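**Student:** Quick one: structure below, then a few questions.
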Amino acid sequence: MAAPVYVLGGYQTDFARNWNKESKHIVAMMREAVYGGLEATAIEPSEIEVGHVGNFAAELYAMQGHLGAFLVDIDPAFSGLPTSRHEAACASGSIAILAASAEIEAGRYDLAMVVGVEQMKTVDPAKGGDFLGTAAWYDREAKGIEFPFPKLFGKLGDEYDKRFGLKDEHLAHISAVNYSNAKRNPLAQTRNWYMTEDHARSQDKFNTIIGGRIKVSDCSQVTDGSVSLFLASEKFATAYAKRRGVALDSIPRILGWGHHTASIEFTAKVAESKNNPYVLPHTRQAILDAFKRAGVAECWDINAIETHDCFTTSEYMAIDHFGLTKPGESWKAVEDGTIELGGKLPINPSGGLIGAGHPVGATGTRQVLDAFKQVTGQAGDYQVDGAKRVATLNIGGSGTTSVAFVVGA
Amino acid sequence: MINIKRVVILGANGTMGAGSAEVFAAGGCDVVLLARAKEKAREGLVGAQNMAKSERIGDLMSVGTYDDDFDEAVGKADLIFEALAEDIELKKKFFERVDKKRRPDSIVATVSSGLSITEMARPCSESFRRNFLGIHLFNPPNVIVGTEVIPQPDTDPALVTAVVDALERRFGRVVTVCDDMPAFAGNRVGFKVLNEVAQLAAKHGVAFVDYLIGPYTGRAMPPLATVDLVGWDVHKAIVDNVHANTNDEARDAFELPTFVAELIDEGHLGNKTPEHGGFYRRVKEGGKNVNLVLDPATGNYKNPADVKVKPIAFVEKMRELHRIGCYAEAFKHFVTAEGAEADLARRVILGYVSYALNRVGDGEVVRQPRDMDRIMGFGFNWAPPTVLADVIGVKETIKAIERSGLKVPKVLTQAKAGERLFREPNVNIGRFFAA
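Chains as they are written, first to last, in this note's numbering: chain E, 1079 to 1487; chain B, 10 to 444.
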């Protein structure tokens, strides 16, 4: 049995901000996330032993690599801090968490700081879409294609349609639920945007087709944002609990994790899963691994899910892959209200990537921070009553790198 | 208390008409847009669709005219929202009609940005006055969530509570309740700063003051560019009103500069009169957009290259620190910088903190610092006064205010040591400081 990894908390920047308009460098975003997290957790900078940054493509969006080094710049106490940066497209944040957890499990460090960060509003949408294409096999799937990713996730919908049948109205409902939840989240990018199910169902000059069956309302957002997260060993967590005057077992842990990578090319994934009940079996396996490690028998043993809804089709896929329904029957959980706040198993109470926003390299850390908020009763208006265990699913590429966590006390 | 389900907008063709229609429909209300002519009302509907980026929002809306549809629409409405031109006689005339046709339990609100709410309702029935208040939205209201709610002496206090609750929970507003004083809270404080900067432009030049009191001091846009966006006519109406009807330590700051008054007479109203311009005039030169800059002394517009401001060391240092997210360190330079320029910048910015927080308390326009913070932060998109005090440090702020010869607010002297004054949850204070 691996040593436990405790989650002490963290901080999310307001995903509605446009840091380019504020003329800010990416380090400003990291600095706000780090200091916000230190304040929220009452941790001293000098206590941090290691830093991990999750980021997808700062080299493209901000002409800046080597982001681990920027952590050192944030506080004088970080001088000499061992740091690194992790990249796995949209799963970068979760990979950074895995790296930090592994080091804690191995006993190398007792307190790790994980920072997910992405600055995306530096370029126009077409160029940004092209950059995101590097998360696919660029030469084969993205080069010269306008907005490649909506098209790839449109194909995921098409594959569901082919195997089981898929109605766009169910995708529209998924979008409406995410936007509606985001209105309760004070840090969500779309909290003041207009969205209804009628609008999501419609196709007009505002809700245009972006690629295949994917419309504007099916897409997650282009977002600037950073999220910090502090992970600790039992040794540190014990001392931390003592000084905070709380019981050690009230501090959440990463109860389980799962991590699998499929072929980068979408057609290869679909070919591989031809005879499998699940469209993305490696994603399914990442979830099952996380459940197994957490001692969770099935999805009904968890109270909420923060999943990767980069498009409505990815959430549709997550519903049956998490086991809320049989494969291909995700629409049942959409129709009967299971996934809504107040439902049997709410998905994305935060608003997810569609509602809260999707700063690519920060999304995995944002999901785990939201899981932390849920299980500690700090999620405010989007709190799932009595949440004890929350699962996350973070996906890089077109279902390529999948990382799932179960967080709970 | 009444559940707001049906809303009628009077003056639906204006920017605020369209904007308020969007806000109420987005909150799930059926909205009737009324104007002089149906096509005009339809303009408001289309405007609301554009703001919401949705044609579907129009499904909740219908259009009509004052002649044909007023009585029925007003009779059915739970909320009658007046967004007519800022002309008190015009508003009164409409309210007389509303008074005759409204249900006794309906709410009546004006979007006025500073006219007397009490005066507007004076001739109306008791039922009208009990249910009448100001709901001052800022433009564009689908983006700017800061909102003032202004009761008048006869407004039912329970109504105020219910309206504030509905605005915050259903319509996504960040509300400040303020007294019925000239320009209310936000515009009183905001236009004091804007007009002071306009006054300084006469001596120091437009480009210089917009640079010196630029975004790095805690605002999204330079002050005179803001006045151009608001419109010089609106600016004049607000500062004239405050100058004539208030008497506080900053009364002189509300005196409209002579050059502004003269240029208004010649048709310069800012961005809304592109042929004349305001502090800036956008022209095309050789296919490129050039932002010409007003010379207040002559009324002529100069090429920006000819009025280029020489960078000031402390300003550049602060911008560099903001850029990497070191806001408190930046303001250390602000407080300690030497020279006439630094003195001038401090007089304006600390003057803002001092004036805003001195408007808090009994007999002032708002009761709590939080009310002032909310409207400056979410109505003006300026660093709220207590955010500035926090980043500078409360003790340091008091000393700096004293050194600038300004009035020290009680909110600061009564603050507990080490306690942060800005209390709004879930707000990144860094968002207020652009580099």
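Beta carbons: idealized from backbone N, C-alpha and C, even for Gly. No experiment lies behind these values; they were computed from the predicted model shown.
Counting contacts by CB-CB distance shorter than 8 Å, is Lys62/B in contact with chain E?
**Tutor:** yes
**Student:** Just how far apart, CA to CA, sit Ala1166/E and Thr1391/E?
**Tutor:** Distance from the CA atom of Ala1166/E to the CA atom of Thr1391/E, rounded to whole angstroms, is 20 Å.
**Student:** Starting from Tyr1216/E, find everything on chain B with Cβ-Cβ shorter than 7 Å and list it in chain order.
**Tutor:** Those within 7 Å of Tyr1216/E in chain B number zero; the least Cβ separation is about 31 Å.
**Student:** Output, in sequence order along the chain, the residues in the stretch 1280–1303 of chain E whose CB is closer than 8 Å to any CB in chain B.
**Tutor:** Ser1280, Asp1282, Lys1283, Phe1284, Asn1285
**Student:** Enumerate in chain order the residues of its own chain whose CB-to-CB distance from Gly181/B is below 7 Å, with the five nearest sequence positions on each side excluded.
**Tutor:** In the same chain as Gly181/B, and ignoring 5 residues on each side of it, the C-beta atoms closer than 7 Å to its own belong to Val154, in chain order.
**Student:** Quick check: is the beta carbon of Ala1106/E nearer than 8 Å to any beta carbon in chain B?
**Tutor:** Ala1106/E counts as touching chain B.
**Student:** Which term fits Gly1115/E, buried or exposed, when burial requires 16 or more other beta carbons within 10 angstroms of its beta carbon?
**Tutor:** buried
**Student:** According to the Cβ coordinates, are Pro1203/E and Val1294/E closer than 8 Å?
**Tutor:** no
**Student:** Please list, in chain order, all residues of the same chain as Asn390/B whose beta carbon is under 6 Å from its beta carbon, the five residues on each side excluded.
**Tutor:** Here the set comprises Ala229.
**Student:** Does Tyr1460/E have its Cβ less than 8 Å from a Cβ in chain B?
**Tutor:** no
**Student:** To test your reading of the DSSP string, which unbroken beta strand (DSSP E) runs of 3 or more residues are found completely within the stretch 1088–1163 of chain E?
**Tutor:** 1128–1132
**Student:** Can you list, in chain order, the residues of its chain with a C-beta nearer than 6 Å to that of Ala1440/E? Leave out the 5 residues immediately preceding and following it.
**Tutor:** Gly1171, Gly1194, Val1195, Glu1196, Gly1303, Ser1304, Val1305
**Student:** Within 8 Å (strictly less), CB to CB, does Thr1454/E reach chain B?
**Tutor:** no
**Student:** Checking contacts by CB at 8 Å: is Gly181/B closer than that to chain E?
**Tutor:** yes
**Student:** For Thr1443/E, which of Glu1343/E, Ala1081/E, Val1192/E has the nearest alpha-carbon?
**Tutor:** Val1192/E
**Student:** In whole angstroms, what is the alpha-carbon distance linking Met1198/E and Ala1136/E?
**Tutor:** 8 Å
**Student:** Can you tell me the Cα-Cα spacing of Thr1212/E and Phe1344/E, whole angstroms?
**Tutor:** If I take the Cα positions, the gap works out to 13 Å.
**Student:** Taking only beta carbons into account, state which residues of the stretch 1085–1104 of chain E come closer than 8 Å to chain B, listed in chain order.
**Tutor:** Thr1091, Asp1092, Arg1095, Lys1099, Glu1100, Ser1101, Lys1102, His1103
**Student:** Is DSSP giving Asn437/B helix, strand or coil here?
**Tutor:** Under the three-state reduction of DSSP, Asn437/B is assigned to coil, being neither helix nor strand.
**Student:** Apart from the five residues on each side of it in sequence, which residues of its chain come closer than 6 Å, Cβ to Cβ, to Ala1080/E?
**Tutor:** Closer than 6 Å at the Cβ level, and outside the excluded window around Ala1080/E, lie Glu1183.
**Student:** Helix, strand or coil for His244/B? Go by DSSP, reduced to three states.
**Tutor:** helix
**Student:** Once DSSP output is grouped into helix, strand and coil, what is the label at His252/B?
**Tutor:** Residue state, collapsed to three classes: helix.
**Student:** So, at 6 Å on beta carbons, what are the nonlocal neighbours of Gly1232/E in its own chain, with the 5 sequence-adjacent residues on each side left out?
**Tutor:** Gly1289, Gly1290, Arg1291, Ile1292
**Student:** Verify whether the separation of the beta carbon atoms of Ala1220/E and Thr1479/E is less than 8 Å.
**Tutor:** Not a contact, by the Cβ cut-off of 8 Å.
**Student:** Residues of chain B with CB under 7 Å from Thr1274/E, in chain order?
**Tutor:** Residues of chain B whose Cβ lies closer than 7 Å to the Cβ of Thr1274/E are, in chain order, Arg65.
**Student:** Report all residues from its chain with a CB closer than 6 Å to the CB of Pro1082/E; omit the five preceding and five following residues, and keep chain order.
**Tutor:** Glu1312, Arg1331
**Student:** Below 6 Å CB to CB, which residues in the same chain sit around Phe1227/E once its five sequence neighbours on both sides are set aside?
**Tutor:** Hits under 6 Å: Leu1210.
**Student:** Return the residue from the list Val292/B, Ala253/B, Gly67/B, Ile18/B that minimises the CA-CA distance to Leu265/B.
**Tutor:** Ala253/B
**Student:** Which residues in chain E sit within 7 Å of Ala246/B, going by Cβ to Cβ distance?
**Tutor:** Correct list: empty, because the minimum Cβ distance to chain E is about 28 Å.
**Student:** Contact criterion: CB-CB distance below 8 Å. Does Asn1256/E meet it with respect to chain B?
**Tutor:** Not an interface residue.
**Student:** Compare the C-alpha of Ala167/B against each of Asp114/B, Lys201/B, Asp80/B, Val374/B and name the closest.
**Tutor:** Selected option, being the one with the closest Cα: Asp114/B.
**Student:** For Glu1413/E, does the three-state DSSP call read helix, strand or coil?
**Tutor:** In this structure, DSSP gives Glu1413/E a helical state, which the three-state scheme calls helix.
**Student:** Beta-carbon of Pro1264/E versus every beta-carbon of chain B: anything under 8 Å?
**Tutor:** yes
**Student:** Run the CB neighbour count on Thr1286/E, radius 10 Å, all protein chains shown included, and call it buried at 16 or more, exposed below.
**Tutor:** exposed
**Student:** Which residue wins for smallest C-alpha separation from Lys1466/E, given the options Ala1364/E, Pro1154/E, Val1374/E?
**Tutor:** Per the Cα distances, Val1374/E.
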